[in-house]
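Numbering of the sequence shown is given in our numbering, commencing with residue 98 and proceeding in unit increments.
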Amino acid sequence: MLWLLSGLVCLLAARLAAVWLCLSHRYPEWRTRRSAERRASGPLAFAMLHANPLFDGQGFLDWHHPRNRRTRIRFSLMGVALLALAFVAHTSLFSLLGNL
Numbered sequence: 098m099l100w101l102l103s104g105l106v107c108l109l110a111a112r113l114a115a116v117w118l119c120l121s122h123r124y125p126e127w128r129t130r131r132s133a134e135r136r137a138s139g140p141l142a143f144a145m146l147h148a149n150p151l152f153d154g155q156g157f158l159d160w161h162h163p164r165n166r167r168t169r170i171r172f173s174l175m176g177v178a179l180l181a182l183a184f185v186a187h188t189s190l191f192s193l194l195g196n197l
C-alpha cells in the first residue's frame, strides 16, 4: 500500500513540476487577472488549473485552442521526462529500503 501511495505522490509531483516549468511565464499575468476577480491566485491554483483544465471554466477552451498546440506538446514531453525521473527515484528508494 505504501508503494502505491508513494507512486501516486511521485506522479503528482512530476505533473505539477511539468506545469510550472513549461507554463511559469504565464503566471504573472494570470495572477493579476485572478487577484482582480478575487479568486485563488497562488502557485497551487495555477498548477491545478493547467494540470486539469476542467478545474476552471476559463482555462479549458484556451488550453485546447489550436494556438496552444506547441505548449501542450512541450508540456506533455516535460511531464513524461519528469515522470520517468520520479519513477527511477521511487524504484531506487524502495530497492534501498528493501535491502536494509
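Quick reminder that beta carbons are idealized off the backbone N, C-alpha and C, glycines included.
Put simply, of Phe184, Leu190 and Phe191 the residue whose alpha carbon is nearest the alpha carbon of leucine 109 is Phe184. In the same chain as methionine 175, and ignoring 5 residues on each side of it, the C-beta atoms closer than 7 Å to its own belong to Ala115, Leu118 and Cys119, in chain order. Residue state for alanine 137 is assigned as coil, using DSSP reduced to three classes.
Serine 138 places its beta carbon less than 8 Å from that of arginine 128. Sequence-distant Cβ neighbours of cysteine 107 in its own chain, meaning closer than 6 Å and more than five residues away, are Ala183 and His187. In terms of Cα proximity to leucine 102, the closest of Phe191, Met145 and Arg135 is Phe191. Between leucine 113 and alanine 142, the gap from beta carbon to beta carbon reaches 8 Å or more.
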